[in-house]
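All remarks here apply to the structure that follows.
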Amino acid sequence: MTYLVFVCGHAGTGKTTLAKKLHGPLMQASGTPFCLLDKDTLYGGYSAAAMAMLTGDQNDRDSPLFLQHLRDPEYRSLIDTARDNLELGVSALVVAPLSREVRERRLFDRAWLGVGEKVALRVVWVYTEEETAHRRIVERGNLNDAYKLAH
1 MTYLVFVCGH AGTGKTTLAK KLHGPLMQAS GTPFCLLDKD TLYGGYSAAA MAMLTGDQND
61 RDSPLFLQHL RDPEYRSLID TARDNLELGV SALVVAPLSR EVRERRLFDR AWLGVGEKVA
121 LRVVWVYTEE ETAHRRIVER GNLNDAYKLA H
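Under full-length UniProt numbering, the residue at position 62 of the sequence shown is numbered 62, and the numbers go up by one with no gaps.
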């Protein structure tokens with residue numbers, strides 16, 4: 001059996017930090033190798049280049065253009081990459097906000113994910129107080145967070 005574990009939540013909640021801490025214990029407990037697929041790592045550079053070309057703002061991740069044309073393909077590709085690993089017997093630890101997909105329960109929809117019954121599905125929603133998330137966002141100094149800080 002392989003595992004598809006989603007670590008989801010809003011910006012600054014600690015998704016990546018938690019996923020990295022879970023990586024080793026999950027491999028040990030399950031006896032299966034895990035890959036870590038972080039949306040920001042996989043698609044951050046691509047999105048920056050695309051948005052710089054399209055809007056002149058490489059840090060734009062909140063405009064209608066990004067949300068309507070790049071968000072969903074990024075998430076679809078992230079899930080497709082996880083599925084490729086699962087087919088090779090490598091479990092996947094996927095880090096991304098995925099808030100719409102959680103709300104719509106897509107992360108439990110095997111047909112939407114393209115995975116069979118031999119894949120165990122787990123979804124972790126990471127939450128922290130708004131003040132803590134805000135502090136973390138400020139401390140990390142990522143320009144992609146400018147819109148979040150302003151709103």
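Heads up, the beta-carbon is just placed ideally off N, CA and C, and yes, glycines get one too.
Count the other C-beta atoms from every protein chain shown that fall within 10 angstroms of the C-beta of residue i, then say buried if there are 16 or more, exposed otherwise.
| i | result |
| --- | --- |
| His-151 | At His-151 the pLDDT is 49, less than 50, meaning the model places this residue with poor confidence and gives no usable figure here. |
| Thr-13 | buried |
| Glu-74 | buried |
| Gly-89 | exposed |
| Gly-9 | buried |
| Ala-49 | exposed |
| Leu-67 | exposed |
| Asp-72 | exposed |
| Tyr-43 | buried |
| Asp-60 | buried |
| Tyr-3 | buried |
Please return the same chain residues whose Cβ sits closer than 6 Å to the Cβ of residue i, not counting the five positions on each side in sequence.
| i | result |
| --- | --- |
| Ser-99 | none |
List the DSSP bridge partners of residue i.
| i | result |
| --- | --- |
| Leu-36 | Leu-93 |
| residue 159 | This structure gives no information on residue 159, because the portion of the chain shown stretches from 1 to 151. |
Using only alpha-carbon positions, find the residue among the options that is nearest to residue i.
| i | options | result |
| --- | --- | --- |
| Ala-25 | Ala-50, Asp-109, Ser-91 and Thr-128 | Residue identity check: residue 25 is Pro in the sequence provided, not Ala. Closest by alpha carbon: Ser-91. |
| Val-124 | Leu-54, Met-1 and Glu-101 | Glu-101 |
| Leu-65 | Leu-78, Ala-82, Gly-89 and Ser-47 | Ser-47 |
| Asp-38 | Arg-110, Phe-6 and Arg-83 | Phe-6 |
| Leu-86 | Asp-60, Val-115, His-10 and Asn-59 | Val-115 |
| Lys-118 | Thr-16, Val-126 and Arg-83 | Arg-83 |
| Lys-15 | Arg-135, Glu-131 and Ala-96 | Ala-96 |
| Ala-19 | Leu-93, Asn-59, Arg-135 and Glu-130 | Leu-93 |
| His-69 | Ile-79, Thr-81 and Leu-54 | Leu-54 |
| Glu-76 | Gly-45, Glu-104, Ala-120 and Trp-112 | Position check: residue 76 holds Arg in this sequence, whereas Glu was assumed. The option with the nearest alpha carbon to Arg-76 is Trp-112. |
Going by beta carbon distance, what residues of the same chain come within less than 7 Å of residue i, once the five residues before and after it are set aside?
| i | result |
| --- | --- |
| Leu-57 | The residue you asked about is not Leu; residue 57 is Asp in the sequence shown. So the list reads Met-51, once near-sequence residues are dropped. |
Taking 8 Å as the limit between beta carbons, can you name the residues of its chain near residue i, skipping five residues before and five after?
| i | result |
| --- | --- |
| Pro-33 | Met-27, Gly-89, Val-90 and Ser-91 |
In chain order, which continuous runs of the beta strand (DSSP E) of length 3 or greater are located wholly inside the segment 17-71?
Runs of the beta strand (DSSP E) inside the segment 17-71: 34-38.
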